[in-house]
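Protein chains: 2
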Amino acid sequence: MKFERLALIGCGLMGGSFALALKRAALVNQVVGFSPSASTTARALALGVIDAIASSPEQAVQGADLVLLALPVAATEPTLQRIRGSVAPGALLMDVGSTKSDVAAAAARALGDKLPLFVPAHPICGAELSGVDNASADLYAGRQVVLTPLAQTDDAGLQTALQVWTALGCHVHCMTPEAHDAAYAAVSHLPHLIAFALMNSLSGQSQGAAFLSLAGPGFRDSTRIAASEPSMWRDILLANREQVLAQSRQFQASLQALEQLITSGDGEALKQLIESASQTRSAWRISTHTPS
Amino acid sequence: MKFERLALIGCGLMGGSFALALKRAALVNQVVGFSPSASTTARALALGVIDAIASSPEQAVQGADLVLLALPVAATEPTLQRIRGSVAPGALLMDVGSTKSDVAAAAARALGDKLPLFVPAHPICGAELSGVDNASADLYAGRQVVLTPLAQTDDAGLQTALQVWTALGCHVHCMTPEAHDAAYAAVSHLPHLIAFALMNSLSGQSQGAAFLSLAGPGFRDSTRIAASEPSMWRDILLANREQVLAQSRQFQASLQALEQLITSGDGEALKQLIESASQTRSAWRISTHTPS
């Protein structure tokens with residue numbers, strides 16, 4: 004497997020890292036980049052992330068056998084509409100968005116006869132940095148990637164997508180867009196929402212700054228993801244709102260169960276709930292294999 | 004400043020690390036240890052954490068010019084009652100508990116004429132490990148330590164306490180027990196409560212295990228503290244219940260403000276709230292100096 008040309012639409016952290024990783028693995032001959040920002044493509048060219056600058060998404064995809072959309076999720080549909088007529092019939096088309104039901108729906112509306120080429124993808128990276136200057140060939144190594152093929156997706160394209168991410172050192176899962184969004188509402192979108200709320204709760208108090216100056220390593224780790232990119236997280240929380248709100252309600256019920264035992268002073272039952280949480284967390288490890 | 008004898012009452016992670024750090028800094032000639040568990044003191048002796056085993060707290064403090072209580076907070080009052088008659092008049096007496104109003108009240112009830120010797124202390128370490136086998140001379144280096152002297156605390160003892168922790172590489176703050184408990188309810192106890200609730204919310208769902216297998220680095224960091232020791236955290240949450248519940252209410256109000264904007268689809272206001280959280284977190288750093 005070697006690609007002649009990667010069309011990189013969006014040259015930020017995610018897209019730039021994909022291009023660098025593909026180049027290091029010698030899986031691509033040429034990378035053509037497009038970004039809505041001319042300074043970003045210029046920087047990507049200077050850093051060797053891309054080899055040529057395209058003046059439009061349509062131009063970027065011409066002659067490309069691999070297309071990666073690495074834009075804010077909200078830009079997916081208009082971009083797919085623009086490139087639809089120019090994507091080569093045998094190309095593999097992927098995105099890297101953090102929500103998938105909305106991307107699947109956008110693709111169904113926008114791609115027409117090119118829909119079978121599309122394999123929605125979500126690499127789980129956990130970087131709160133952004134921008135092409137932070138791009139790294141190592142970003143995806145050892146990470147999980149979730150592919151959410153549509154009913155219309157070509158099986159050959161899906162197999163190629165599996166091979167690409169595996170070649171970059173990723174552990175690849177396949178599931179429906181809906182199952183993806185339910186799972187990531189629970190293990191990613193809710194934790195982000197909680198971290199945002201925790202920071203706002205603190206900064207909203209008159210002594211908030213004084214309190215923050217006393218915080219230690221536990222606070223540092225549990226709030227790291229609160230520093231994530233605001234526009235991206237607004238889009239994710241809105242795109243996956245039903246699942247996120249359902250998870251938030253479940254979480255608040257669990258929180259209130261703990262509060263109730265604190266209020267009543269029921270030490271034995273409180274210890275049991277904490278023990279259950281502690282054991283679940285102690286037994287958990289980041290998955291490093293593809294489930295069968 | 005050099006101590007003739009440290010009486011270490013409780014030889015787990017916190018106490019053991021204090022003894023090792025004090026020895027490495029050549030600030031103590033001998034460490035005598037007591038623990039309710041005979042296997043713990045035997046292990047502490049074998050590891051060189053202590054030099055001799057005492058058969059009781061009373062015996063441990065005899066002839067000691069430095070006494071450190073490193074026990075579960077619930078054991079503070081009975082232990083102080085037991086050692087009250089045996090502590091040398093000029094000794095410095097400290098604890099390492101994570102709550103301070105309850106410790107201050109326990110000391111006031113238990114210590115009688117020895118109350119002026121007591122300087123309650125809380126080192127901020129962020130270790131979810133426990134036990135003497137994890138003790139390390141480095142545990143406290145670079146960490147913050149909060150001292151919460153009582154109205155009755157001798158000023159000379161407070162100055163010595165400041166010197167000890169500073170000599171171990173710590174950044175020392177002084178405040179009242181009440182101010183300490185308000186601050187740590189916000190930046191430590193609440194984040195733990197949230198992490199416990201998040202784990203329980205996940206494991207309580209039929210698909211919880213499947214969701215957990217897909218979680219990534221953001222989840223890993225934001226839930227690390229959920230693996231903390233259950234008995235210790237039950238005690239902390241109960242000892243500081245008023246402040247913890249007040250912080251939890253504030254947090255839920257912040258969470259619900261975000262939920263409301265997600266429900267109504269108000270992307271602009273949602274982005275602003277996330278931006279505020281993201282900026283507060285990005286600007287925050289673990290304090291590495293003593294505020295004036």
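Order-wise, the sequence lines are chains A and B.
When we follow my numbering, the leftmost residue of the first sequence carries the number 4, and every step to the right adds one.
When we follow my numbering, the leftmost residue of the second sequence carries the number 4, and every step to the right adds one.
Even glycine gets a Cβ: it sits at the ideal position worked out from N, Cα and C.
Measuring straight from C-alpha to C-alpha, what distance separates residue i and residue j?
i	j	result
residue 13(A)	residue 83(A)	13 Å
residue 68(A)	residue 289(A)	33 Å
residue 114(A)	residue 18(A)	21 Å
residue 25(A)	residue 274(A)	49 Å
residue 140(A)	residue 51(A)	12 Å
residue 2(A)	residue 232(B)	Residue coverage of chain A in this structure runs from 4 to 295, which leaves residue 2(A) outside it and unanswerable.
residue 294(A)	residue 144(A)	Its pLDDT being 41, under 50, residue 294(A) is placed unreliably by the model, and nothing is read from it.
residue 279(A)	residue 45(A)	52 Å
residue 123(B)	residue 97(B)	5 Å
residue 126(B)	residue 191(B)	12 Å
residue 201(A)	residue 258(B)	8 Å
residue 58(A)	residue 269(B)	33 Å
residue 208(B)	residue 22(A)	38 Å
residue 223(B)	residue 28(A)	28 Å
residue 266(A)	residue 164(A)	52 Å
residue 253(B)	residue 277(A)	21 Å
residue 11(A)	residue 142(A)	16 Å
residue 215(A)	residue 226(B)	19 Å
residue 199(A)	residue 229(A)	5 Å
residue 185(A)	residue 287(A)	19 Å
Between residue i and residue j, which are expected to be in contact by the criterion C-beta below 8 Å, what is the C-beta distance as a whole number of angstroms?
i	j	result
residue 180(B)	residue 103(B)	4 Å
residue 73(A)	residue 99(A)	5 Å
residue 135(B)	residue 79(B)	Not really, about 20 Å apart at Cβ, beyond 8 Å.
residue 170(A)	residue 30(A)	6 Å
residue 75(B)	residue 235(B)	6 Å
residue 37(A)	residue 77(A)	With a Cβ gap of about 17 Å, residue 37(A) and residue 77(A) do not count as contacting.
Please compile the residues from chain B whose C-beta is within a distance smaller than 8 Å of the C-beta of residue i.
i	result
residue 149(A)	217
residue 253(A)	204, 207, 208
residue 34(A)	Correct list: empty, because the minimum Cβ distance to chain B is about 26 Å.
residue 214(A)	185, 186, 189, 190
residue 279(A)	202, 203, 206
residue 198(A)	225, 280, 284
What residue does the beta strand (DSSP E) around residue i start on, and which one ends it?
i	result
residue 7(A)	6-12
residue 71(A)	69-72
residue 224(A)	Residue 224(A) -> not in any beta strand (DSSP E); alpha helix (DSSP H) instead, spanning 220-226.
residue 33(A)	31-37
residue 126(B)	124-127
residue 275(A)	Note, residue 275(A): premise wrong, no beta strand (DSSP E); alpha helix (DSSP H) at 270-286.
residue 147(B)	147-150
residue 25(B)	Unbroken run through residue 25(B) is the alpha helix (DSSP H), 16-27; no beta strand (DSSP E).
residue 48(A)	Looking at the DSSP string, residue 48(A) is not in any beta strand (DSSP E); the run it does join, the alpha helix (DSSP H), is 41-49.
When the Cα of residue i is compared with those of the options, which residue comes out closest?
i	options	result
residue 238(B)	287(B), 101(B), 127(B), 30(B)	101(B)
residue 32(B)	174(B), 7(B), 40(B)	7(B)
residue 217(B)	211(A), 178(A), 5(A)	178(A)
residue 243(A)	187(A), 203(A), 204(A)	187(A)
residue 159(B)	147(B), 142(B), 120(B)	120(B)
residue 272(B)	249(A), 240(A), 255(A)	240(A)
residue 155(A)	172(A), 107(A), 201(A)	107(A)
residue 146(A)	133(A), 15(A), 128(A)	128(A)
residue 262(B)	174(A), 132(A), 250(A)	250(A)
residue 93(A)	184(A), 77(A), 85(A), 116(A)	116(A)
residue 149(A)	112(A), 71(A), 183(A), 283(A)	183(A)
residue 204(B)	194(A), 168(A), 65(A)	194(A)
residue 56(B)	168(B), 35(B), 66(B)	35(B)
residue 248(B)	221(B), 196(B), 283(B)	196(B)
residue 118(A)	105(A), 95(A), 168(A), 133(A)	95(A)
Using a cut-off of 7 Å between C-beta atoms, extract the partners of residue i located in chain B.
i	result
residue 135(A)	Per Cβ cutoff of 7 Å: no residues; residue 135(A) is ~19 Å from chain B at best.
residue 298(A)	Lying before the first or after the last residue shown, residue 298(A) is absent from chain A, which here runs from 4 to 295.
residue 274(A)	233, 234, 237
Run through chain A and tell me which residues come within less than 8 Å of residue i, C-beta to C-beta.
i	result
residue 168(B)	The premise fails here: residue 168(B) is roughly 15 Å from chain A at the closest Cβ pair, so nothing lies under 8 Å.
residue 191(B)	218, 219, 221, 222
Taking 7 Å as the cut-off, is the CB of residue i close to at least one heavy atom of the ligand ZN?
i	result
residue 145(A)	Among the components modelled here there is no ligand, and therefore nothing to report on the ligand ZN.
Going along chain A, which residues have a C-beta under 7 Å from residue i?
i	result
residue 262(B)	248, 251
Along the chain, where does the alpha helix (DSSP H) containing residue i start, and where does it finish?
i	result
residue 247(A)	244-267
residue 158(A)	158-170
residue 105(B)	104-113
residue 178(A)	No alpha helix (DSSP H) contains residue 178(A), which DSSP labels as neither H nor E.
residue 205(A)	193-206
What in chain B is Cβ-close to residue i, meaning under 9 Å?
i	result
residue 28(A)	Going along chain B, no residue has its Cβ under 9 Å from residue 28(A), so there is no contact; the nearest lies around 22 Å.
Since residue i meets chain A, which of its residues come closer than 9 Å, beta carbon to beta carbon?
i	result
residue 21(B)	Those within 9 Å of residue 21(B) in chain A number zero; the least Cβ separation is about 17 Å.
residue 100(B)	Within 9 Å Cβ-Cβ: nothing; residue 100(B) doesn't reach chain A, min ~15 Å.
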